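Engineer:
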Amino acid sequence: MLAHADDSVTNLPKPTNQKDLSGMNLSQMASSQRAELLNQYYDNNLAINLTTDEIYYYQDNAWQPISDKMLMRTLADLFTQSGEPFNPIRISSAVESLRLSLPIMGTSQKDLICFKNGVYELKKQTFKPHNKQDWLLVSNDIDYYPAKEKESFDTHTPNFAKWLKRASGNQDKAKNILAALYMILANRHDWQLFLEITGGGGSGKSVFAEIATMLAGKNNTVIGTMDALEKARDRALIVGYSLVILPDQPRYMGSGAGLKAITGGDEVAIDPKHKQPYSCKIPAVVLVINNEAMRFNERNGGISRRRVIFHFGEVIPEKERDLDLVSKIEQELPSIVRLLLNEFTSPTEAKDRLHQQQQSDEATAIKRESDHLVDFCSYLDALDYPNGMFIGNMGIMPFNPRKYLYHAYIEYIRNTGLNNPLSLTQFGTSLNYAMKENGKDYMRKRANKGMRTNVELNINTSQDWLPKAEDPN
Numbered sequence: 009m010l011a012h013a014d015d016s017v018t019n020l021p022k023p024t025n026q027k028d029l030s031g032m033n034l035s036q037m038a039s040s041q042r043a044e045l046l047n048q049y050y051d052n053n054l055a056i057n058l059t060t061d062e063i064y065y066y067q068d069n070a071w072q073p074i075s076d077k078m079l080m081r082t083l084a085d086l087f088t089q090s091g092e093p094f095n096p097i098r099i100s101s102a103v104e105s106l107r108l109s110l111p112i113m114g115t116s117q118k119d120l121i122c123f124k125n126g127v128y129e130l131k132k133q134t135f136k137p138h139n140k141q142d143w144l145l146v147s148n149d150i151d152y153y154p155a156k157e158k159e160s161f162d163t164h165t166p167n168f169a170k171w172l173k174r175a176s177g178n179q180d181k182a183k184n185i186l187a188a189l190y191m192i193l194a195n196r197h198d199w200q201l202f203l204e205i206t207g208g209g210g211s212g213k214s215v216f217a218e219i220a221t222m223l224a225g226k227n228n229t230v231i232g233t234m235d236a237l238e239k240a241r242d243r244a245l246i247v248g249y250s251l252v253i254l255p256d257q258p259r260y261m262g263s264g265a266g267l268k269a270i271t272g273g274d275e276v277a278i279d280p281k282h283k284q285p286y287s288c289k290i291p292a293v294v295l296v297i298n299n300e301a302m303r304f305n306e307r308n309g310g311i312s313r314r315r316v317i318f319h320f321g322e323v324i325p326e327k328e329r330d331l332d333l334v335s336k337i338e339q340e341l342p343s344i345v346r347l348l349l350n351e352f353t354s355p356t357e358a359k360d361r362l363h364q365q366q367q368s369d370e371a372t373a374i375k376r377e378s379d380h381l382v383d384f385c386s387y388l389d390a391l392d393y394p395n396g397m398f399i400g401n402m403g404i405m406p407f408n409p410r411k412y413l414y415h416a417y418i419e420y421i422r423n424t425g426l427n428n429p430l431s432l433t434q435f436g437t438s439l440n441y442a443m444k445e446n447g448k449d450y451m452r453k454r455a456n457k458g459m460r461t462n463v464e465l466n467i468n469t470s471q472d473w474l475p476k477a478e479d480p481n
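Structure (structure tokens):
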């Protein structure tokens, strides 16, 4: 749970080694001595993050940010308990002294999952007690126990299994959905992927988001927007969370620069209110929930490499919907966690499953709907050598969409009701990306009559739009 500036001192756990404050004469202490007293109040469970200059408190089995205001209120309370008046300047200087004397936080290990009753090591597949030296920042609200004999999704998590079957439609996709949930449970932000769930209302998208929140922990989950990921001030609101959910985004069209940087593990600028700006990595899994897929105008592959699309195509009829499904699944959560860990004893298998989902037919279909160039390239066949269509340009006469690729593209734009075609330069630099999205290789070479490619129009499929231009009637 993140500490907030308006928390009261009474909400903090009382220390086990609190001293008798009577006769200690706090007002005569040096600021470093008051800082030491403050640290002792928190059982010496404070540390400093040098990147953000934030102080963290080890509480509820994880390191959590604690605000300067909270520390100052705590010290003021200690003055009151000792019967002495306090000076805000002295209190503030004690907190600054605390920053200089605290131990420096270490780096969280990537293969540990923090449960309420201990820590699960993914590599060793063993369970061990909590240790603050693991420097874990998040802990879910789940107790972990070894799997029961012959435990299975169908037998021990019937409500989850029912949802999974309807959401997936087939066993292969069901395994990929499990891989996505494993990624969230294990907080594998280091895989440099983000999840995008699309589908109509009642298709199970919101249930996926609820399950994801349970696995990450409600206190470790934050709701955001695509726009918030782009702005340094708004990004400050997602620091410290392990799961960022972007639900029901308005129709998005942009480069996704913030999303790409965060999921790519790059440092991003953070500009918190009333604090010095800084830059840091945000170790969180990003989950996007939308009725329709986002549209990106970035075509260099940066988004595509990270994007894992799941389309939930079956809308459950109103009369078949279980309004208590989420609460029923929540009761099955301990078994779901154990089964996910047993399903993917090797994390690499889950990662491979997500890469497989990226190349699935449904993902390609969604990309075709959201990017017209990907759709256009679906009508092209790739040859082994660059002896196919010329790229061409609009200065070539007569206009020939069967010979010149750019002419074919313009014809496609005209006859599918689209506007704002790419310029010749944009078209040429984006072809490699769009062909790859269709699982095809793209080549070109300089020839006597211009740049020649290894693609040809598919005579059958291109009839969807090409004859409308060539038919004189």
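Here the sequence shown is numbered in my numbering, starting from 9 and rising by one per residue. A virtual CB, placed ideally from N, CA and C, is assigned to each residue, including glycine. Predicted, not measured: the structure shown is a model, and the values here were computed from it.
Let me check understanding here. Comparing Cα to Cα, which of Y65, E218, V252 and M32 lies closest to T233?
Structural biologist: Ranking the options by Cα distance to T233, first place goes to V252.
Engineer: Assess, as a yes-or-no matter, whether the region 254-269 is touched by the region 293-312 under the definition of 3 or more beta carbon pairs within less than 8 Å.
Structural biologist: In short, these stretches touch, since the Cβ pair count reaches three.
Engineer: Taking one C-beta from the region 284-303 and one from the region 237-255 each time, how about it: are there three or more such pairs within less than 8 Å?
Structural biologist: Taking 8 Å as the limit for Cβ pairs, the verdict is that the region 237-255 does touch the region 284-303.
Engineer: If the criterion is Cβ atoms closer than 7 Å, does the pair I297 and K375 meet it?
Structural biologist: Contact flag unset, no.
Engineer: Could you check the C-alpha separation between I99 and Q36 for me, to the nearest Å?
Structural biologist: About 12 Å.
Engineer: Could you tell me if F304 is buried or exposed, where buried requires 16 or more neighbouring beta carbons within 10 angstroms of its beta carbon?
Structural biologist: With 16 or more other Cβ atoms within 10 Å, it is buried.
Engineer: Tell me whether the beta-carbon of F318 lies closer than 7 Å to the beta-carbon of I205.
Structural biologist: A contact, by the Cβ cut-off of 7 Å.
Engineer: Give the straight-line distance between the Cα atoms of A220 and V345, rounded to the nearest whole angstrom.
Structural biologist: Cα to Cα, A220 sits roughly 11 Å from V345.
Engineer: Closer than 8 Å is the cut-off here; do at least three beta carbon pairs connect the region 346-365 with the region 395-413?
Structural biologist: Too few Cβ pairs lie closer than 8 Å, so no.
Engineer: Alpha carbons only, please: which of A224, A187 and D472 is nearest the one belonging to L362?
Structural biologist: Closest option to L362, Cα to Cα, is A187.
Engineer: Cα-Cα, which of L391, A175, R107 and I192 is closest to S40?
Structural biologist: Minimum Cα distance to S40 is reached at R107.
Engineer: Can you pull the DSSP bridge partners for P73?
Structural biologist: DSSP lists Y64 as partners of P73.
Engineer: Closest by CA to T372, which one among N446, P325, P355 and S335?
Structural biologist: Here the closest residue by C-alpha is N446.
Engineer: Apart from the five residues on each side of it in sequence, which residues of its chain come closer than 7 Å, Cβ to Cβ, to L58?
Structural biologist: Around L58: I112.
Engineer: Which same chain residues, not among the five before or five after A43, have their C-beta less than 7 Å away from its C-beta?
Structural biologist: Taken in chain order, the residues that qualify are A102, S105, L106 and S109.
Engineer: Suppose the cutoff is 8 Å on Cβ atoms and the five residues either side in sequence are ignored; what does the same chain contact list for F398 look like?
Structural biologist: For F398, where only same-chain residues beyond five positions count, the Cβ hits under 8 Å are K411, Y412, L413, A455, K457, G458, M459, R460 and T461.
Engineer: Between K226 and S378, what straight-line distance do the alpha-carbon atoms span, to the nearest angstrom?
Structural biologist: Cα-Cα distance, rounded: 32 Å.
Engineer: Shortest alpha-carbon distance to K170 belongs to which of G396, D198, K336 and G91?
Structural biologist: Answer by Cα proximity: K336.
Engineer: Please report the Cβ distance between L144 and L172, rounded to the nearest whole angstrom; I am assuming they are in contact, meaning their Cβ atoms lie under 8 Å.
Structural biologist: About 29 Å; that fails the 8 Å criterion.
Engineer: Do you know whose CA, among N53, K183 and D85, lies nearest K140's CA?
Structural biologist: Of N53, K183 and D85, the residue nearest in Cα terms is N53.
Engineer: Whole angstroms are fine: how far does the CA of K131 sit from the CA of G273?
Structural biologist: When rounded, the distance between both Cα atoms is 22 Å.
Engineer: Report, in whole angstroms, the separation of the C-beta atoms of I278 and V323, which I expect to be a contact under 8 Å.
Structural biologist: So it is not a contact: roughly 40 Å between Cβ atoms.
Engineer: Would you say A5 and L465 are within 7 Å of each other, going by their C-beta atoms?
Structural biologist: Because the chain in this structure spans residues 9 to 481, residue 5 falls outside the shown range and cannot be described.
Engineer: Of the residues L439, S343 and G210, which one's Cα is nearest the Cα of N299?
Structural biologist: That would be G210, whose Cα lies nearest to the Cα of N299.
Engineer: Using three-state DSSP, classify I97 as helix, strand or coil.
Structural biologist: Here I97 sits in helix by DSSP.
Engineer: Assuming V316 and E218 are in contact, meaning their beta carbons sit under 8 Å apart, how far apart are those beta carbons, in whole angstroms?
Structural biologist: Between E218 and V316 the Cβ distance is about 19 Å, and since that is not below 8 Å, they are no contact.
Engineer: Just the Cα atoms here: how many angstroms apart are M9 and Y66?
Structural biologist: Confidence at M9 is low in this model, with a pLDDT of 30, below 50, so the placement of that residue should be treated as unreliable; the coordinate-derived value is given next. Cα to Cα, the separation comes out at about 11 Å.
Engineer: In its own chain, which residues sit with a C-beta less than 6 Å from the C-beta of N19, not counting the 5 before and 5 after it?
Structural biologist: In this prediction, N19 has a pLDDT of 45, which is less than 50 and means its spatial position is unreliable; what the coordinates show is noted afterwards. Result list for N19: empty, nothing under 6 Å.
Engineer: Can you find the residues in the same chain that come closer than 7 Å, C-beta to C-beta, to E370, ignoring five residues on each side of it along the sequence?
Structural biologist: Cβ within range, chain order: H319.
Engineer: For L83, which three-state DSSP category applies?
Structural biologist: If DSSP states are grouped into helix, strand and coil, L83 belongs with the helices.
Engineer: CB-CB under 7 Å to N401, same chain, minus the five flanking residues each way: which ones, in chain order?
Structural biologist: Within the same chain, N401 has close Cβ partners Y414 and L432.
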